[in-house]
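Reading through the structure tokens given below for one structure.
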Amino acid sequence: MTDRPVAAATTARRGPGEAVVTGAAALSAYGRGTDVLLAGVLSGRPAFAPVQRFDVTRRRVGVAAAMPGDPALATELTRVVGEACDDACLTAGERARSALFLAVHDDPRMARAPRRDRHRFGTAALAAEVAAGGGLGGPGTRSYTSGCVAASTAIADAAALIARGRADRIVVAAGYLVESDQFALFDAGRVLADDGQVRPFSAGRRGLLLGDGAGAVVLEPDESARSRRAPVLARMAGWGRAGDAYHPCQPHPEGRGLTRAVMAALQRAGIAAQQLGYVNANGSGTRDGDPAEASALRVALGDAVATVPVSSTKSLHGQALEAAGVLELIVTLLAARKGMLPANAGFLEADGACRLNLVLGEAAPAVPQYAMSVNYAFGGANTALVLGLP
Amino acid sequence: MTRAAPIAPPGLAAMQAAAAAAGLAVSAAASWPEPDDDREVRPLAGFIVSTFSPLLAEVAERALGRRGEPPPGLVTALVIVTARGDVTSAADVAATVDAGGRVGPLMFFQAVPNTVVGYVAARWGLTGPLACVGDIGAGLDLARLLIEDADADEVLVVWADLAGTDQDRDQAAAVVVADAAGTKKEQPG
Chain A
149 MTDRPVAAAT
159 TARRGPGEAV
169 VTGAAALSAY
179 GRGTDVLLAG
189 VLSGRPAFAP
199 VQRFDVTRRR
209 VGVAAAMPGD
219 PALATELTRV
229 VGEACDDACL
239 TAGERARSAL
249 FLAVHDDPRM
259 ARAPRRDRHR
269 FGTAALAAEV
279 AAGGGLGGPG
289 TRSYTSGCVA
299 ASTAIADAAA
309 LIARGRADRI
319 VVAAGYLVES
329 DQFALFDAGR
339 VLADDGQVRP
349 FSAGRRGLLL
359 GDGAGAVVLE
369 PDESARSRRA
379 PVLARMAGWG
389 RAGDAYHPCQ
399 PHPEGRGLTR
409 AVMAALQRAG
419 IAAQQLGYVN
429 ANGSGTRDGD
439 PAEASALRVA
449 LGDAVATVPV
459 SSTKSLHGQA
469 LEAAGVLELI
479 VTLLAARKGM
489 LPANAGFLEA
499 DGACRLNLVL
509 GEAAPAVPQY
519 AMSVNYAFGG
529 ANTALVLGLP
Chain B
5 MTRAAPIAPP
15 GLAAMQAAAA
25 AAGLAVSAAA
35 SWPEPDDDRE
45 VRPLAGFIVS
55 TFSPLLAEVA
65 ERALGRRGEP
75 PPGLVTALVI
85 VTARGDVTSA
95 ADVAATVDAG
105 GRVGPLMFFQ
115 AVPNTVVGYV
125 AARWGLTGPL
135 ACVGDIGAGL
145 DLARLLIEDA
155 DADEVLVVWA
165 DLAGTDQDRD
175 QAAAVVVADA
185 AGTKKEQPG
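Printed below as a string of structure tokens:
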């Protein structure tokens, strides 16, 4: 006999505790800081511009959302970790007991190091370096490299561990800064929008554009936040992650895995879809990805899909790859707290395959009690994170 | 005279130890190279230049093939562990970019470990969460969490890291784990 029925994994469980977000920090093409990120996405003005950081003359597309100059990833990661810990009012002693979950593509210093030295540049080693730079010395520091769900998976895992009482405090940080190699790869894959705009869920969409993103959030048990009288920005109400089992790099056409990820997140949050006040969609702006995501949201949200406001802020700050999950969760958090939902920029006209209640034109006033951020990646990996707002 | 127990390769031994520490039972295991007969990693259609993705697929499918027929509805998660990822592809792309060249479109798809994960997941119907982490301890800890929270009934954890020098060999290992306390599903009836 077993103590679980077959297909028990369709019924998501969670530990009894609750993780809250007590600090956040971000970098984007709009600049350093959460204030400029929020102002940028609420302005409705996309941050895309011709790339100056490296040579793009041999590329099909030469546009990205990048801040000026050539910032170094390890330096910026250490900066956002410190700023998030400052935001959470953590003492040096509290930081020393906190772990770091770091989501990155790789250590950008590895590929051009002499072969004999490349072993020094693993992602776990980078996580240790960033943790040390931020004064984080707790057990369990680790790295995530699961493509565009790396950061959102790290956040889900951190929330789940805290809910289980297996971690005291986890800083989840992630970063991707637009650079020549990934840019060349995405250009070669012919997925970059050759009209210089990202148009999620719109007819006439022509692909994605890369964008700088680095961010960090501090997650800890709610009783820990209460006992040290820390400001609670939001609760990690629910999370879900699931696979498509469909194709190496195409999403399931009906978003099968994403549907299950969203349903698991809602179930863990203990809410009905009608209680969601905002969905920050993955919305890559690609031909096949957007209809699959819209289909998943229609199934998972049911009738509520007609009324829940949805936007993809990749239309504004670009695709931050391994950092997308943390950047977009922070956008979701900031927008919900401000009571203004960012618009889905670049929209031309409706695509019948992407029917959603999109925030179009300008940012819309709304005060969601619950907001969800959705991400998917190559390999059919899908995540959904639900924030509960105080 | 008693026969000495076979010694597990270092990566597999580390995974088995981490599984035991996490309270997980190993139902199948595989590694690369396995004694004597592993010389060249079998090529995998659509993946070029590097042995990284074929190596992950090889040990993943060996382990899945050894775990027996899963009961209907069993949900399997897939966790990849790699310290450095596909170093060969990353260095190849960097060299091409630095020489002012254009990279091939296939290199785009294999630029993240997710792609070969998706290949394995699609072939074996693995519908659980897919993740990639940087060390074996984190991989097995994540496997435990996914099982505890019913995101998966079992987890395939696959580790691979490419040779650092010409004197080294590529190494990989895989384990299929479930709750050691017996909550792994059995055939109904």
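As given, the protein sequences belong to chains A and B, one line each in that order. Start counting at 1 in the first sequence, then tack on 148, and there's your number in the working numbering. Start counting at 1 in the second sequence, then tack on 4, and there's your number in the working numbering. Ideal Cβ positions, reconstructed from N, Cα and C, are used throughout, including at glycine.
Quiz item: So who's on the other strand from B:A182, going by DSSP bridges?
Solution: Residue mapping note: residue 182 of chain B aligns to position 178 of the second sequence, counting from 1. B:A29, per the DSSP bridge assignment.
Self-check item: Option in A:G192, A:F196 and A:R312 with minimal Cα separation from A:P164
Solution: On the first sequence, position 16 is the one that residue 164 of chain A refers to. Nearest option by C-alpha distance: A:R312.
Practice problem: Evaluate the contact criterion for the segment 508-521 of chain A versus the segment 425-445 of chain A: three or more CB pairs, one atom per stretch, below 8 Å. | Solution: yes
Quiz item: Where does B:I84 sit, in a helix, a strand or coil, going by DSSP?
Solution: In the second sequence, residue 84 of chain B corresponds to position 80, counting from 1. Here B:I84 sits in strand by DSSP.
Quiz prompt | Any beta strand (DSSP E) of 3 or more consecutive residues that is wholly inside the segment 95-164 of chain B | solution = 134-137
Quiz item: According to the Cβ coordinates, are A:G192 and A:A493 closer than 7 Å?
Solution: Counting from 1 along the first sequence, the entry for residue 192 of chain A is found at position 44. Counting from 1 along the first sequence, the entry for residue 493 of chain A is found at position 345. Yes, Cβ-Cβ distance for A:G192 and A:A493 is below 7 Å.
Self-check item: Unbroken alpha helix (DSSP H) run spanning A:S300, endpoints
Solution: In the first sequence, the residue the question calls residue 300 of chain A occupies position 152. Its alpha helix (DSSP H) spans residues A298 to A311.
Quiz item: Does the segment 369-388 of chain A come within contact of the segment 297-307 of chain A, defined as at least 3 CB pairs closer than 8 Å?
Solution: yes
Quiz item: From which residue to which residue does the alpha helix (DSSP H) around A:E327 run?
Solution: The count along the first sequence starts at 1 and reaches residue 327 of chain A at position 179. First-last for A:E327: undefined, no H or E at that position.
Quiz item: From this set, A:A272, A:D342 and A:L325, which residue's C-alpha is nearest A:G288's C-alpha?
Solution: In the first sequence, residue 288 of chain A corresponds to position 140, counting from 1. Closest option to A:G288, Cα to Cα, is A:A272.
Practice problem: Determine the chain B residues that contact A:T159 at a beta-carbon separation under 9 Å, and present them in chain order. | Solution: On the first sequence, residue 159 of chain A is found 11 positions in, with the first residue counted as 1. In chain order: A154.
Self-check item: Closer than 7 Å to chain B by CB, A:G286
Solution: As a working note, residue 286 of chain A is residue 138 in the first sequence. No, its Cβ sits nowhere closer than 7 Å to a Cβ of chain B.
Quiz item: Thinking just about the alpha-carbon of each residue, which of A:A420, A:Y394, A:A471 and A:P513 is nearest to the one in B:T131?
Solution: Indexing the second sequence from 1 puts residue 131 of chain B at position 127. Ranking the options by Cα distance to B:T131, first place goes to A:Y394.
Quiz item: By how many angstroms is the C-alpha of B:A64 removed from the C-alpha of B:K189?
Solution: Numbered from 1 along the second sequence, position 185 holds the residue referred to as residue 189 of chain B. Numbered from 1 along the second sequence, position 60 holds the residue referred to as residue 64 of chain B. With a pLDDT of only 44 at B:K189, under the threshold of 50, the placement of this residue in the model should not be trusted, and no figure is reported.
Practice problem: Examine chain A for any beta-carbon lying closer than 7 Å to the beta-carbon of B:D139, and answer yes or no. | Solution: Position 135 of the second sequence, counted from the first residue, corresponds to residue 139 of chain B. So, interface residue.
Exercise. Taking B:A64 as the query, report the chain A residues whose CB atoms sit under 7 Å from its CB, ordered along the chain.
Key: Taking the first residue of the second sequence as position 1, residue 64 of chain B is located at position 60. Chain A residues near B:A64: none, gap ~12 Å exceeds 7 Å.
Quiz prompt | chain A contact for B:T131 (CB, 7 Å cutoff) | solution = Here residue 131 of chain B is taken as the residue at index 127 of the second sequence, counted from 1. Cβ-Cβ to chain A under 7 Å: yes for B:T131.
Practice problem: Please work out which residues of its chain come closer than 6 Å, Cβ to Cβ, to A:V507, disregarding the five sequence neighbours upstream and downstream, and give them in chain order. | Solution: If you number the first sequence from 1, residue 507 of chain A lands on position 359. Closer than 6 Å at Cβ, skipping near neighbours: P457, S459, L489, A491 and N492.
Exercise. Answer with yes or no whether the minimum CB distance from B:P109 to chain A is below 7 Å.
Key: Along the second sequence, one-based indexing puts residue 109 of chain B at 105. By this cut-off, B:P109 is an interface position.
Quiz item: Where does A:E510 land, buried or exposed, given buried means 16+ other C-beta within 10 angstroms?
Solution: Numbered from 1 along the first sequence, position 362 holds the residue referred to as residue 510 of chain A. So A:E510 counts as exposed.
Self-check item: At least three beta-carbon pairs within less than 8 Å, the segment 335-350 of chain A to the segment 207-217 of chain A
Solution: yes
Quiz prompt | Assigned exposure category for A:R377 - 16 Cβ within 10 Å defines buried | solution = Counted from its first residue, the first sequence places residue 377 of chain A at position 229. By the 10 Å Cβ count, A:R377 comes out exposed.
Exercise. Please list the partners that B:V97 has in chain D, where partner means a Cβ-to-Cβ separation under 8 Å.
Key: Note that chain D does not occur in the displayed structure, where the protein chains are A and B.
Quiz item: Hey, would you say A:L482 sits closer than 7 Å to A:L186, going by beta carbons?
Solution: For the purposes of this step, residue 482 of chain A is identified with residue 334 of the first sequence, where counting begins at 1. For the purposes of this step, residue 186 of chain A is identified with residue 38 of the first sequence, where counting begins at 1. Yes, the pair counts as a contact, with Cβ atoms nearer than the cut-off.
Practice problem: Would you check if there are 3 or more beta carbon pairs closer than 8 Å linking the segment 15-34 of chain B to the segment 170-179 of chain B? | Solution: yes
Exercise. Return yes when the Cβ of B:A142 is within less than 7 Å of the Cβ of A:R353, no when it is not.
Key: As a position in the first sequence, residue 353 of chain A is number 205, starting the count at 1. As a position in the second sequence, residue 142 of chain B is number 138, starting the count at 1. Taking 7 Å as the Cβ cut-off, A:R353 and B:A142 do not qualify as a contacting pair.
Quiz item: Taking any Cβ of chain B, which residues in the segment 390-409 of chain A have a Cβ under 9 Å from it, in chain order?
Solution: A390, G391, D392, A393, Y394, H395, P396, C397, Q398, R404, G405, R408 and A409
Quiz item: If you measure beta-carbon to beta-carbon, which residues of the segment 300-317 of chain A are closer than 7 Å to chain B?
Solution: T301, D305, A308, L309 and R312
Quiz prompt | Neighbour list for A:R162 in chain B, Cβ cutoff strictly below 7 Å | solution = Along the first sequence, one-based indexing puts residue 162 of chain A at 14. The contacting residues are D153.
Quiz item: Got a sec: which bits of the segment 433-454 of chain A sit with their beta carbon under 8 Å from any beta carbon on chain B, in order along the chain?
Solution: none
Exercise. Taking A:Y292 as the query, report the chain B residues whose CB atoms sit under 8 Å from its CB, ordered along the chain.
Key: Walking along the first sequence from the start, residue 292 of chain A turns up at place 144. Here the neighbours are A135, C136, V137 and G138.
Practice problem: Kindly confirm or deny that the segment 396-408 of chain A and the segment 464-475 of chain A touch, where touching means at least three C-beta pairs closer than 8 Å. | Solution: no
Quiz prompt | Any C-beta of chain A under 7 Å from that of B:R88 | solution = Here residue 88 of chain B corresponds to residue number 84 of the second sequence, with the count starting at 1. Output row for B:R88: interface = yes.
Quiz item: Under a three-way DSSP split, which group does B:Q171 fall into?
Solution: Position 167 of the second sequence, counted from the start, is the residue given in the question as residue 171 of chain B. Coil.
Quiz prompt | A:T239 at chain B interface by Cβ criterion, 7 Å | solution = For the purposes of this step, residue 239 of chain A is taken as residue 91 along the first sequence, with counting starting at 1. Not an interface residue.
Quiz item: At least one CB of chain B closer than 7 Å to the CB of A:A167: is that the case?
Solution: The residue given as residue 167 of chain A occupies position 19 in the first sequence. Closer than 7 Å: no.
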